[in-house]
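To start, the structure under review is shown below, and the notes come after it.
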Amino acid sequence: MSSIPLSAYLVTALLLFCMGLYGALTKRNAVIVLISIELMLNAVNVNLVAFAKYGVGASIRGQVFSLFTITVAAAEAAVGLAILIALYRNRATVNVDEMNTLKK
Amino acid sequence: MNGELIVFVILFLITITGALLMLNLSKVVHMVMALVLTFLGIAGLYVMLAAEFVAVVQILIYSGAITIIMLFGIMLTKHTGEEKKTGFVKKGIVLSGITAFFLIMFFAVKDLSLGGQATTLHENNTEQIGIMLFTEYVIPFELVSVVLLVALVGAVILAKKEETKKEGEQS
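Here it is, written out as structure tokens:
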């Protein structure tokens, strides 16, 4: 039996999520925005795995779900980066403030 | 103060330090490297939560693949390599909003305890996950493979150089 309470893991994940959110909203470089989103997804994974051990009816399902999340996050990173490179080729910038073609 | 608590505190500090460094460093490459620290710390937390297979996957996918892909992204796009600063007002608004969110969620989860604790997760962890994947979650598993294939093809098509247009063809 483990002596670490569930809330310790949840607070860790909450801190990670908040820092990822802050990075995604304030950073200007699109690569860093993408990687901040990965951090947020990671925080969600920590929650899933924590509930797989401590939740109601705890079972292996949480871990299986976190594997699915990791897969989708990897696909998202690949497609996001491909879009970023295509955009860089057209606009020669990775600054998210300059990606405002739809605003004009 | 038992050993488990010490290990948890160390992993917690590694994780949070990596994320804080990511937010505060100025060079983009250093930010990605700082995030590797976070990913490794999270993998350690997974081991503590009896999720060995997820921990290994975390190291492979995040510390390995996604970090490398992001480094390639930086390499292929960078022109200054330095992060420009965001305006003070915007930062303040975002920070206050996130602090409010943090406080609400913190008071919601700080005493949360759902009672039960799974005790058999660490026994043949990978085998349990495999059995679950190929019995109950076989359809989502196959769908995920389709998602990966579509993402792969989509990424290649998006990132490849556009061919020179034929005469008279609109862009």
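Chains as they are written, first to last, in the working numbering: chain R, 925 to 1028; chain C, 486 to 656.
Even glycine gets a Cβ: it sits at the ideal position worked out from N, Cα and C.
From a predicted model like this one, the values you see are computed outputs, not experimental measurements.
Would you call residue i buried or exposed, if buried means 16 or more other Cβ atoms sit within 10 Å of its Cβ?
{"i": "C:F497", "result": "buried"}
{"i": "C:F524", "result": "buried"}
{"i": "R:N953", "result": "buried"}
{"i": "R:E962", "result": "buried"}
{"i": "R:N971", "result": "buried"}
{"i": "R:L1026", "result": "exposed"}
Is there a Cβ from chain R that is less than 8 Å from the Cβ of residue i?
{"i": "C:V629", "result": "yes"}
{"i": "C:K512", "result": "no"}
{"i": "C:T500", "result": "yes"}
{"i": "C:S656", "result": "Note that C:S656 has pLDDT 47, beneath the 50 cutoff, so the model's placement of it is unreliable and no number is given."}
{"i": "C:F592", "result": "no"}
{"i": "C:S581", "result": "no"}
Give a yes or no on whether the C-beta atoms belonging to residue i and residue j are separated by under 8 Å.
{"i": "R:V968", "j": "C:L599", "result": "no"}
{"i": "R:L958", "j": "R:A1001", "result": "yes"}
{"i": "R:T995", "j": "C:L633", "result": "yes"}
{"i": "R:V935", "j": "C:V539", "result": "no"}
{"i": "C:V521", "j": "C:T552", "result": "yes"}
{"i": "C:M590", "j": "R:L938", "result": "yes"}
{"i": "C:V514", "j": "C:L556", "result": "yes"}
{"i": "C:A644", "j": "R:I956", "result": "no"}
Could you check where the alpha helix (DSSP H) with residue i kicks off and where it finishes?
{"i": "R:P929", "result": "Note, R:P929: premise wrong, no alpha helix (DSSP H); not H, not E."}
{"i": "R:N969", "result": "A954 to Y978"}
{"i": "C:I491", "result": "G488 to N509"}
{"i": "C:T605", "result": "Careful: C:T605 lies outside any alpha helix (DSSP H) and carries neither H nor E."}
Kindly say whether residue i, judged by its beta-carbon, lies nearer than 8 Å to any beta-carbon of chain C.
{"i": "R:I928", "result": "yes"}
{"i": "R:R1015", "result": "no"}
{"i": "R:T1025", "result": "no"}
Which parts of the region 513 to 600 of chain C are runs of the alpha helix (DSSP H), unbroken and 4 residues or longer, counting only runs that do not cross its ends?
513 to 533, 537 to 543, 552 to 562 and 573 to 594
In chain order, which continuous runs of the alpha helix (DSSP H) of length 4 or greater are located wholly inside the region 974 to 1020 of chain R?
985 to 1015, all fully within the region 974 to 1020 of chain R.
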